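Before any comments, here is the structure.
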Amino acid sequence: MLNLAGKNALVTGIANNRSIAWGIAQQLHSSGANIGITYLPDDRGKMEKKVAELVEPLSPSLFIPCNVENDEQIQSTFNTIAEKWGKLDILIHCLAFANKEDLTGNFSQTSRPGFNKALEVSTYSLIQLAGAAKPLMTEGGSIVTLTYLGGVKVVPNYNVMGIAKAGLEMSVRYLASELGPSNIRVNAISAGPIRTLASSAVGGILDMIHHVEQVAPLRRTVTQLEVGNAAAFLSSDLASGITGQVLYVDAGYEIMGM
Ligand SMILES: NC(=O)c1ccc[n+]([C@@H]2O[C@H](COP(=O)([O-])OP(=O)(O)OC[C@H]3O[C@@H](n4cnc5c(N)ncnc54)[C@H](O)[C@@H]3O)[C@@H](O)[C@H]2O)c1
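In our numbering, the protein residues as written are 7 to 264.
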């Protein structure tokens, strides 16, 4: 039933085969979407090579460097989409960053540059990408971002990223309100803890995963592909009445009080 044939989907945030964005890209592809990938470029081209090899089986029709701190790269990404695809249907925002020292210890010691960096990359980027996507979503569209419980409740060590995710979830609502009249839906998936490059920077991530495995109703955490399934659903016409929401894909952990 889930059919994304004829839809153009841009997926941001693949760094390696553990990335949640990789799980999402695979599920969008297997549902029939035409895939475009952006990656975070580095001076030596290592990320480009690694991500290109990984995504090859999905035959992406676009493969574009895009550092969300760089306005020119964002502009050029969407210019390329306009030129090569003409329209965009699905945007997956699956990226975040905070300095490692701001993801452990005392939250009150968060530095100003660390705060600004985390919020710029992890929160403002959704607003900017959505603004750039809007004129290309001429037939309506779906924007999905990734959040975490630490943006709603205190999770030890998540610290500045909790503030970034709180801002991200509120951005989802403001964007959904603005873009709804253009039939563009904006939703977030709040994923349970998964071992990835980004999560390994959060102090005590393995303890968090073990805790979830003991307490969550399903007695486990989730996989990248399960998050990918939810993203494919939210991006499909099956979710045509859903916008501005945060969908928990966390094996039920969020409902527990103890
Ligand atoms: N892993 C988890 O436990 C978990 C749980 C809930 C939500 N999330 C969220 O999922 C998303 C993906 O993270 P992940 O866990 O898959 O880790 P990941 O490290 O695989 O992905 C993070 C991505 O962000 C990209 N990135 C960082 N700075 C960037 C920049 N300036 N410009 C462009 N891209 C940049 C990295 O290149 C990487 O691809 C993040 O928003 C994260 O907060 C993760």
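Just so you know, even glycine gets a beta-carbon here, dropped at the ideal spot from N, CA and C.
Just so we're clear, the structure is a prediction, and the values are computed from it rather than from any experiment.
Take residue 14 and list the residues in its own chain whose beta-carbon comes closer than 6 Å to its own, dropping the five residues that flank it on each side.
40, 91, 94 and 95
With DSSP run on the structure shown, which of helix, strand or coil describes residue 14?
strand
Any residues whose CB sits closer than 5 Å to a heavy atom of ligand 1? List them in chain order?
19, 21, 25, 26, 46, 73, 74, 75, 100, 101, 102, 103, 127, 152, 154, 197, 199, 200, 202, 203, 204 and 205
According to DSSP, what are the bridge partners of residue 71?
BP columns for residue 71 point to 45.
Give the range of the alpha helix (DSSP H) segment to which residue 97 is assigned.
In the DSSP assignment, residue 97 falls outside any alpha helix (DSSP H) and within the unbroken beta strand (DSSP E) covering 96-99.
Validate contact between the region 105-114 and the region 57-67 using beta carbons, cut 8 Å, 3 pairs
The region 105-114 is not in contact with the region 57-67.
In its own chain, which residues sit with a C-beta less than 7 Å from the C-beta of residue 88, not counting the 5 before and 5 after it?
142
From the DSSP output, in three-state form, read off residue 146 for me.
strand
Is the Cβ-Cβ distance between residue 229 and residue 215 less than 7 Å?
Contact annotation: residue 229 and residue 215 have beta-carbon atoms that are not nearer than 7 Å.
Across the region 27-44 and the region 63-74, are there enough close Cβ pairs to call them in contact, namely three or more that are closer than 8 Å?
yes
Taking only three categories from DSSP, how would you classify residue 201?
coil
What residues match up with residue 190 in a beta bridge as DSSP calls it?
Paired residue(s): 147.
Taking the DSSP output, what are the residues bridged to residue 255?
197
Where do the N-terminal and C-terminal ends of the alpha helix (DSSP H) with residue 119 fall, by residue?
The continuous alpha helix (DSSP H) containing residue 119 extends over residues 118-125.
Which first and last residues belong to the alpha helix (DSSP H) in which residue 34 is found?
Residue 34 -> alpha helix (DSSP H) spans 26-36.
Distance between residue 115 and residue 188 (C-alpha atoms, nearest Å)
42 Å
Per DSSP, what kind of secondary structure is residue 229 in: helix, strand or coil?
coil
Supposed contact pair residue 157 and residue 136 - C-beta distance, whole angstroms, cut 8 Å
The Cβ separation is near 18 Å, so there is no contact.
Kindly indicate which three-state DSSP category residue 224 falls into: helix, strand or coil?
Under the three-state reduction of DSSP, residue 224 is assigned to coil, being neither helix nor strand.
Just verifying my parser: in three-state terms, what is the DSSP assignment at residue 8?
coil
Residue 247, buried or exposed, once every other Cβ within 10 Å from all chains shown has been counted against 16
exposed
Best match in 23, 119, 237 and 220 for proximity to residue 34 [C-alpha to C-alpha]:
237
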